[in-house]
Amino acid sequence: MKRVGLILVVAVFSLAAAGIAFAVDVQKTTPKAVEMQKATPKATPKATPKVRPIPVLKGALTVISARTIGANPSSTNLFVKVKNNSLADVSSGTVTVKRSYVNRQCTGGYTAPPPGQLMGDCLGWTDTTVNMPVVTIPVGALNKGQEVEVHKGIQNLPCKAVITVEPGSGAPFNLDIHSYIY
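The sequence shown begins at 18 in this note's numbering and counts up by one.
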């Protein structure tokens, strides 16, 4: 008798579970439920944005102009205007002034001196380029597109000096810019 009762209880629970599953399945397939499922937007995974590095132009720091102030060539103030043409800020830079002059010596001998003169004409000259110590002018931080004029007093600046802008510590690019002072 107990066995029959147990079988009946199990059967009732099985029928109840089957009824619930059927009701849920019917609810999913009703036209209203199907319309609601179609109308509900599905969550799409968000794409991570691609981080593109800022392109840095080679030779972005350029010398715009250079001028000297001072009547005495042995002591001259040199002014150099520099512009940051890159797409990024610059932490620092350096203006390097390379100084040189030409030493001309007569190495071909002389002609016989004319009457009343101590020396004749030189028969051949030899030019020797003498490089002087390099002078550097620091350039501070520059925002993109910013201009700045730096200056420094320079001793014994020749008539023609070569200005080379080179990167300082932390500058994110290589530079090879030349300007001239005449």
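From the three backbone atoms N, C-alpha and C, an ideal C-beta is built for every residue, glycine too.
Considering only their Cβ atoms, is the gap separating Thr143 from Thr124 smaller than 7 Å? Result yes, Cβ atoms of Thr124 and Thr143 sit closer than 7 Å.
Self-check item: Residues bridged to Pro155 (per DSSP)
Solution: Thr111
What is the C-beta distance between Thr128 and Gly137, in whole angstroms, given that I count them as a contact (C-beta under 8 Å)?
4 Å
Open item on the list: Using the Cβ count rule (16 or more neighbours within 10 Å means buried), how would you classify Gly110?
Closed with: Classification for Gly110: buried.
Check your understanding: Does DSSP put Val117 in a helix, a strand or coil?
Key -> For clarity, residue 117 is Ser in the given sequence; the question names Val instead. In the three-state reduction of the DSSP assignment, Ser117 falls in the strand class.
ask   = To the nearest angstrom, how far is it from the Cα of Pro130 to the Cα of Val112?
value = 49 Å
*7 Å CB neighbourhood of Lys161 in its chain, flanking five on each side removed*: Asn101, Ser103, Leu104, Ala105 and Asp106
Query raised in the report: If you drop the 5 nearest sequence neighbours on each side, which residues of the same chain put their C-beta closer than 6 Å to that of Arg200?
Result: Any property of residue 200 remains undetermined from this structure, which presents the chain solely from 18 to 199.
Query - Residue range of the beta strand (DSSP E) that includes Asp144 - result: Trp142 to Asn148
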